[in-house]
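Take a look at the structure set out below.
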Amino acid sequence: MVLIFFVVLAFVVPEASATISGEFNCTTFNGTAFVYTPAAVACSNAISDASCQVLYPASNTLYPAAGNDADRPFACFTTATDTPAPVVPDMKTAALKTCPKTCGLCCKTEAYDCPNVQFPRLNCQTITNAQCQSSQWRTIIAQDCPSACGFCNQGGCVDGVVDCANDPSICMTVGMQDFVNQYCQRTCARCPSTTGAPSASATSPSSSNTGGSCTSYIADSSSVCASWATNGFCSNTFYTIAQRKAYCATTCKLC
Ligand SMILES: *[C@@H]1O[C@H](CO)[C@@H](O)[C@H](O)[C@H]1NC(C)=O
Ligand SMILES: *[C@@H]1O[C@H](CO)[C@@H](O)[C@H](O)[C@H]1NC(C)=O
1 MVLIFFVVLA FVVPEASATI SGEFNCTTFN GTAFVYTPAA VACSNAISDA
51 SCQVLYPASN TLYPAAGNDA DRPFACFTTA TDTPAPVVPD MKTAALKTCP
101 KTCGLCCKTE AYDCPNVQFP RLNCQTITNA QCQSSQWRTI IAQDCPSACG
151 FCNQGGCVDG VVDCANDPSI CMTVGMQDFV NQYCQRTCAR CPSTTGAPSA
201 SATSPSSSNT GGSCTSYIAD SSSVCASWAT NGFCSNTFYT IAQRKAYCAT
251 TCKLC
C-alpha cells in the first residue's frame, strides 16, 4: 500500500516544475511533497538579500519559502548545475556562512541547530515566525522548541517581548517590576535559575533565587541527567523542582 503510494508519487512529482532535491535538511513531508519548514528561512543572511540572490540564483525562479517546494539554488549545496545534484559539503558550509536564508538552510545554523525537548508541549515543526515574536509563545518555545526560533544559544531563557534590551534601566524601575518579571526575564536576569543562560546565571545575582550562597549540590541520583537536561528536564515546568532535585540536583544546579 505504502509502496504503491510512492510509486504513484514518483510519477506525479517530476511533473511539478520544481521539487526539492539533493539536500533535504530543513524540509518536512506535507503529505504530497517535501516543503520547507518555517525554520528553514527564519534567520537572516550574513550579507544583503540582494547580494545573496546574485551569488545564489534561483534554480527555477522561486526561492525557498516556508511551505513551498522550490528547489534550492544549486550553489547552496552542490557544484552541479542540474539534477541529479550530489551534495558537496563545502558548498553547503559556504552557503550556511553567507546566505542561509536564501538557501533555505537556516535550521542548520548555530542558533537553530539544537535538539528540542523529547516531549514538547507543541509541534516544533509548525511554529511560525509570528509565534517566535509573540510574547505569549516565546517563553514556552524557548523551553520546548529552541530550534524553531533560533533560541539554541539562549539556554531556555528569553525575553517575552523583543525590545527589552533597548532600555535595560527598566529592570531597576520600581513601577516596572511586574512587567519585567514577566516579559524581560533574560535582559533583567529574571529567569528561574533552572533555565537561565548557563554561563550568565552562574555569575548573575539571579542565581540567588534557589537559595543564595549555594556552591555545592547533592549528587545526581540518576546517571542519565546529562541527556535528560538536553531534553529539558531542568527547565521544562512539566517537572516539579522537587522531582528535578530528587534526580539531578547537580546537573540542574538545585540546592
Ligand atoms: C543534513 O545535513 C547533514 C550534514 O550537515 C547530512 O549529513 C545529512 O545527510 C542531511 N540530511 C538530509 C535529510 O539531507
Ligand atoms: C504540499 O506542498 C505542495 C507544494 O507547495 C502543495 O502543492 C501541496 O498542496 C501541499 N499538500 C498539502 C497536503 O498541504
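Just so we're aligned: 55 in full-length UniProt numbering is position 55 of the sequence shown, and the numbers increase by one with no gaps anywhere.
Beta carbons: idealized from backbone N, C-alpha and C, even for Gly.
Given the structure is predicted, the values throughout are model-derived calculations rather than measurements.
- By the criterion of a C-beta distance shorter than 7 Å, Leu96 is surrounded in its chain by Leu105, Lys108, Thr109, once the five residues flanking it on both sides are discounted.
- In chain order, the residues positioned with their C-beta nearer than 7 Å to some heavy atom of ligand 2 are Asn30, Gly31, Thr32, Ala33, Val35, Gly67, Asn68, Asp69.
- Exposure of Ser222 is indicated by the presence of fewer than 16 other C-beta atoms within 10 angstroms of its C-beta.
- In this structure, ligand 1 has a non-hydrogen atom nearer than 7 Å to the beta-carbon of Phe24.
- Judged by the Cβ position, Lys97 fails to qualify as a neighbour of ligand 1 at the 7 Å threshold, every heavy atom of the ligand being at least this far.
- Residue state for Val88 is assigned as coil, using DSSP reduced to three classes.
- Spanning the alpha carbons of Arg244 and Arg121 requires a straight line of approximately 18 Å.
- With respect to the 8 Å criterion, Asp71 and Thr19 are classified as neighbours on the basis of their beta carbons.
- With a cutoff of 8 Å on beta-carbon distance, Gln131 and Asp159 are scored as not near each other.
- A residue is called buried once 16 or more other Cβ atoms fall within 10 Å of its Cβ, and Ser216, having fewer, is exposed.
- Lys101 has its CB no nearer than 7 Å to any heavy atom of ligand 1.
- Around the beta carbon of Asp69, a 10 Å sphere encloses 16 or more other beta carbons of the protein chains shown; the residue is thus reported as buried.
- When C-beta atoms of the region 172-186 are compared with those of the region 147-163, three or more pairs fall below 8 Å, so the two segments count as touching.
- An exposed status is given to Asn30, since fewer than 16 other beta-carbon atoms sit within 10 Å of its beta-carbon.
- Of the residues assessed, Ile127 falls on the buried side of the cut-off, its CB having 16 or more other CB atoms within 10 angstroms.
- Within the same chain, and ignoring the five residues on either side of Thr98 in sequence, the residues whose Cβ sits closer than 8 Å to its Cβ are Asn45, Ala46, Ile47, Cys52, Leu55.
- For Thr237, the closest of Ala33, Leu62, Phe119, Ala85 by C-alpha to C-alpha distance is Phe119.
- The DSSP assignment places 146-149 as complete runs of the alpha helix (DSSP H) inside the region 142-167, in order along the chain (cut-off: 4 residues).
- Counting along the chain, Tyr183 sits inside no beta strand (DSSP E); it lies in the alpha helix (DSSP H) bounded by residues 177-183.
- No residue range can be given for Tyr239, since it is assigned to no beta strand (DSSP E) and is classified by DSSP as neither H nor E.
- Scanning the region 35-100 for uninterrupted alpha helix (DSSP H) segments of 4 residues or longer gives 49-55, 89-98, listed from N- to C-terminal end.
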